[in-house]
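Asks: Under full-length UniProt numbering, think of the first position of the sequence shown as 1, with each following residue one higher.
What follows is a single structure, and I will ask about it in a moment.
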Amino acid sequence: MEATEKDILRGGQFLVKETNCEDVFTPEDFSEEQNMMKEAVMEFNDREIIPNKNRFEAKDYALTEECMRKAGELGFLGVAVPEAYGGLGMGFVSTVLTCDYISSGTGSFSTAFGAHTGIGTMPITLYGTEEQKQKYVPKLATGEWFGSYCLTEPGAGSDANSGKTTAELSADGKTYKINGQKMWISNAGFCRLMIVFARIEDDKNITGFIVEYDPENPNGITLGEEEHKLGIHASSTRQVFFNDTVVPVENMLAGRGEGFKIAMNALNVGRIKLAAACLDSQRRITTTAVEYANERKQFKTRISDFGAIKKKLAEMSASAYAGESATYRASKNIEDRIALREAAGNSHQEAELKGVEEYAIECSILKVAVSEDVQNCADEGIQIFGGMGFSKETPMEAAWRDARIARIYEGTNEINRMLSVGMLVKKAMKGHVDLLGPAQAVQEELMGIPSFETPDYSELFSEEKEMIKKLKKTFLMVAGGAVQKFGPDLEGHQQLLVAAADILIEIYMAESAILRTEKNAKRFGEKEQSVQIAMAKLYLYNAVNIVEDKGKESIISFAEGDEQRMMLMGLKRFTKYQNYPDIVDLRNEIAEKVKAENKYCF
Numbered sequence: 001m002e003a004t005e006k007d008i009l010r011g012g013q014f015l016v017k018e019t020n021c022e023d024v025f026t027p028e029d030f031s032e033e034q035n036m037m038k039e040a041v042m043e044f045n046d047r048e049i050i051p052n053k054n055r056f057e058a059k060d061y062a063l064t065e066e067c068m069r070k071a072g073e074l075g076f077l078g079v080a081v082p083e084a085y086g087g088l089g090m091g092f093v094s095t096v097l098t099c100d101y102i103s104s105g106t107g108s109f110s111t112a113f114g115a116h117t118g119i120g121t122m123p124i125t126l127y128g129t130e131e132q133k134q135k136y137v138p139k140l141a142t143g144e145w146f147g148s149y150c151l152t153e154p155g156a157g158s159d160a161n162s163g164k165t166t167a168e169l170s171a172d173g174k175t176y177k178i179n180g181q182k183m184w185i186s187n188a189g190f191c192r193l194m195i196v197f198a199r200i201e202d203d204k205n206i207t208g209f210i211v212e213y214d215p216e217n218p219n220g221i222t223l224g225e226e227e228h229k230l231g232i233h234a235s236s237t238r239q240v241f242f243n244d245t246v247v248p249v250e251n252m253l254a255g256r257g258e259g260f261k262i263a264m265n266a267l268n269v270g271r272i273k274l275a276a277a278c279l280d281s282q283r284r285i286t287t288t289a290v291e292y293a294n295e296r297k298q299f300k301t302r303i304s305d306f307g308a309i310k311k312k313l314a315e316m317s318a319s320a321y322a323g324e325s326a327t328y329r330a331s332k333n334i335e336d337r338i339a340l341r342e343a344a345g346n347s348h349q350e351a352e353l354k355g356v357e358e359y360a361i362e363c364s365i366l367k368v369a370v371s372e373d374v375q376n377c378a379d380e381g382i383q384i385f386g387g388m389g390f391s392k393e394t395p396m397e398a399a400w401r402d403a404r405i406a407r408i409y410e411g412t413n414e415i416n417r418m419l420s421v422g423m424l425v426k427k428a429m430k431g432h433v434d435l436l437g438p439a440q441a442v443q444e445e446l447m448g449i450p451s452f453e454t455p456d457y458s459e460l461f462s463e464e465k466e467m468i469k470k471l472k473k474t475f476l477m478v479a480g481g482a483v484q485k486f487g488p489d490l491e492g493h494q495q496l497l498v499a500a501a502d503i504l505i506e507i508y509m510a511e512s513a514i515l516r517t518e519k520n521a522k523r524f525g526e527k528e529q530s531v532q533i534a535m536a537k538l539y540l541y542n543a544v545n546i547v548e549d550k551g552k553e554s555i556i557s558f559a560e561g562d563e564q565r566m567m568l569m570g571l572k573r574f575t576k577y578q579n580y581p582d583i584v585d586l587r588n589e590i591a592e593k594v595k596a597e598n599k600y601c602f
């Protein structure tokens, strides 16, 4: 079905417009081609990555490079690359799907794959001239060459635009000389191409360059030693030093001073792909935990039969399910927006850039939520394994260490939290998302007399969807109040922004799980979806508690007197169920299902 402009919510509009379950894309909607791709990627992961886990943990960088070459031969490095440049030219959902299922074997390969296909290749496909794309992209799409991305510097991390690396134009105007130092560069040890960001003269913004690297003829490029890292042991991470590195002027990417824009847009794509890269890790961690809990006996009882362990298995499953639901929902929104722009006459480059940029808020939300969920999942996995979980002999220890980096790269989770709310406020000011009208309506509702009628909640998810609406009102009340009080100075109140972001994140994740399940219950029947229904309800219950906590923290920090009392009463009203779910019952139902299947099975 062709999506039309009016059908597709703009980025951030989920907050103020109701979404019908029929309008969300779910993993159950994968096409035959997508399911075949998924099977091929899983088979590659099971054959090439999983059996070699110990070699990756022993820092076998050559193995990472070898597996990347094999992935290139199978076409996995070129899924998102247009066919004209040697790629498969598949849609955005297929790109995300590949990233999802290829990433769970080890964080080392996942990082190499993500850095190459995302920030190593994508800046050229999105910003390169036709000549640059013809020259470089086919080599990157097939794995003949590998790419890396040189942005971070010792003094420029989250503040990416403050880099000190310089690019100086030669007297004849034909080349630039690059001088400077970059750090934490993934794939540096085996790359042949670097996307390098440097400043020309006193420009306000940095500029991007495509720099070839040949170890036989290094052109002033030297590499530091491999970094010793907490996790992702076999992903090559080095410092890169440029000493009068000569780059032809035609290798400038986009225009002068456009580097910061390239960096930010590359990170938007990187964020949703990073969320995807955490999904199958969560599934695999959950499965490994279930298998162990079913085998391990204490007090003559399988530990999976103990309530304390069931709680963990249920919560791990529910968060994986919600993460999956939200990631594929946003991926399809992006794909549809790209298709719309192409239909309107935009080039593929322009369509993809604008399509992803439109959903930058959702990309930040997903990056934060899924990276934190996979860490919690691995932490609970260690706990289920007990003492064995702390041992390198079992897979949980490496999973926990590998998960830790996900909260840092592609912009720290703190930066992404503030970005998500900041971008939403900017969109409201530009008139792209009407926050003002709904926020005023919430204000008026708070002043009015609440209804004491008992609603009819007999239909599936009717109360849950009402709760989601109320959580959205909570965000509008809190964010609206904060904007009213601080105006443009809100950016300086980071703790408030972070709390508001947590509310925003929970709304999107919980709503996505509910919409996916509602859609599937209508298709496959409620009985067939009973455990998924339990997971959606459990996730929402936890989300409501987080929203209540963060809402209270915000209100008591910026409001006082009557205003504070009124908002706290509103918060109580907006986070109260008419009929509370039986949480223990929900958890038991989920746990019994994964125990019986001996795996994450949704």
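Note that CB positions come from ideal geometry on N, CA and C, so glycine has one too.
Everything numeric in this text was worked out from a predicted model, so none of it was measured.
State yes or no: is the C-beta of E464 within less than 7 Å of the C-beta of V93?
Replies: By one-based count along the sequence shown, residue 464 stands at place 464. By one-based count along the sequence shown, residue 93 stands at place 93. Cβ atoms of E464 and V93: not closer than 7 Å.
Asks: Under three-state DSSP, which class holds V498?
Replies: Locating residue 498 in the sequence shown gives position 498, where the first residue counts as 1. DSSP places V498 within a helical segment (H, G or I) once states are collapsed to three.
Asks: State the beta-bridge partners of V356 as determined by DSSP.
Replies: Within the sequence shown, numbered from 1, the residue matching residue 356 stands at position 356. According to DSSP, V356 bridges with nothing at all.
Asks: Please give me, in chain order, every unbroken run of the alpha helix (DSSP H) with length at least 4 that falls completely inside the segment 47 to 123.
Replies: 53 to 57, 61 to 73, 92 to 102, 107 to 114
Asks: From N251, P455, N268, A326, pick the residue whose C-alpha is nearest to that of E130; which is it?
Replies: The residue you call residue 130 lines up with position 130 of the sequence shown. For the residues N251, P455, N268, A326, the minimum Cα distance to E130 belongs to N251.
Asks: Of the residues E57, E153, E380, D502, which one's Cα is nearest the Cα of H228?
Replies: By one-based count along the sequence shown, residue 228 stands at place 228. Taking only the C-alpha atoms, the option nearest H228 is E57.
Asks: Can you name the residues that DSSP bridges to I195?
Replies: As a first step, residue 195 must be located in the sequence shown, where it is residue number 195. DSSP, once it has assigned bridges, lists Y149, I210 as partnering I195.
Asks: Please report how far the alpha carbon of F574 lies from the alpha carbon of R565, in whole angstroms.
Replies: Looking up residue 574 in the sequence shown gives position 574. Looking up residue 565 in the sequence shown gives position 565. Whole-angstrom Cα-Cα distance: 14 Å.
Asks: Cutting at 6 Å between CB atoms, please list the residues of its own chain near A234, excluding the five before and the five after it.
Replies: Translated into the one-based positions of the sequence shown, residue 234 becomes position 234. Closer than 6 Å at the Cβ level, and outside the excluded window around A234, lie F56, K59, D60, Y61, T64, S108.
Asks: Start and end of the alpha helix (DSSP H) containing S557?
Replies: Sequence index remark: in the sequence shown, residue 557 carries index 557 (1-based). S557 -> alpha helix (DSSP H) spans 530 to 558.
Asks: Just curious, the alpha helix (DSSP H) that L586 is in, first and last residue?
Replies: Stepping through the sequence shown from its first residue, residue 586 is reached at position 586. Counting along the chain, the alpha helix (DSSP H) containing L586 begins and ends at 583 to 597.
Asks: For the alpha helix (DSSP H) that R296 lies in, which residues bound it at each end?
Replies: For the purposes of this step, residue 296 is identified with residue 296 of the sequence shown, where counting begins at 1. From DSSP, R296 is part of no alpha helix (DSSP H); its letter is neither H nor E.
Asks: Can you tell me whether DSSP reads T301 as helix, strand or coil?
Replies: For the purposes of this step, residue 301 is taken as the residue at position 301 of the sequence shown. Strand at T301.
Asks: Under a Cβ-count criterion, where at least 16 other Cβ atoms within 10 Å of its own Cβ denotes burial, should V247 be classed as buried or exposed?
Replies: As a position in the sequence shown, residue 247 is number 247, starting the count at 1. When all chains shown are included, V247 counts as buried.
Asks: Can you pull the DSSP bridge partners for I178?
Replies: Counting from one through the sequence shown, the residue named residue 178 turns up at place 178. Its beta-bridge partners are A167, T245.
Asks: Which value, in whole angstroms, describes the spacing of the CA atoms of residue 609 and R302?
Replies: Past the boundaries of the shown model lies residue 609; the chain is included only from 1 to 602, so the question cannot be answered.
Asks: Within the continuous beta strand (DSSP E) that includes T222, where are the two ends?
Replies: Start at 1 with the first residue of the sequence shown, and residue 222 comes out as number 222. Under the DSSP assignment, T222 falls in the beta strand (DSSP E) whose first and last residues are 221 to 223.
Asks: Going along the chain, which residues of its own chain have a beta-carbon closer than 7 Å to the beta-carbon of S364, five neighbours each way excluded?
Replies: If you number the sequence shown from 1, residue 364 lands on position 364. Answer for S364: R271, N416, L419, S420, listed in chain order.
Asks: Provide the residue(s) that pair with M252 in DSSP beta bridges, ordered along the chain.
Replies: Looking up residue 252 in the sequence shown gives position 252. In DSSP, M252 forms a bridge with F209.
Asks: Can you name, in chain order, every residue of its own chain whose Cβ lies under 8 Å from the Cβ of K552, other than the five neighbours on each side?
Replies: For the purposes of this step, residue 552 is taken as residue 552 along the sequence shown, with counting starting at 1. Answer for K552: L568, L571, listed in chain order.
Asks: I602 and Y321 look like a contact to me (Cβ under 8 Å); what is the Cβ gap, rounded to whole Å?
Replies: Residue numbering aside, residue 602 sits at position 602 when the sequence shown is read from its first letter. Residue numbering aside, residue 321 sits at position 321 when the sequence shown is read from its first letter. Before going on, a small fix: residue 602 reads as Phe here, not Ile. Going by Cβ atoms, the distance from F602 to Y321 rounds to 6 Å, so yes, they are a contact pair.
Asks: Please list the terminal residues of the continuous alpha helix (DSSP H) segment that includes K465.
Replies: Locating residue 465 in the sequence shown gives position 465, counting from the first residue. Start and end: 462 to 486.
Asks: Assuming A141 and V81 are in contact, meaning their beta carbons sit under 8 Å apart, how far apart are those beta carbons, in whole angstroms?
Replies: Position 141 of the sequence shown, counted from the start, is the residue given in the question as residue 141. Position 81 of the sequence shown, counted from the start, is the residue given in the question as residue 81. That pair is a contact at about 4 Å.
Asks: Using the C-alpha atoms, what's the distance from N333 back to M1?
Replies: Counting from one through the sequence shown, the residue named residue 1 turns up at place 1. Counting from one through the sequence shown, the residue named residue 333 turns up at place 333. Its pLDDT being 44, under 50, M1 is placed unreliably by the model, and the measurement read from it follows with that caveat. Their backbone Cα atoms lie some 13 Å apart in a straight line.
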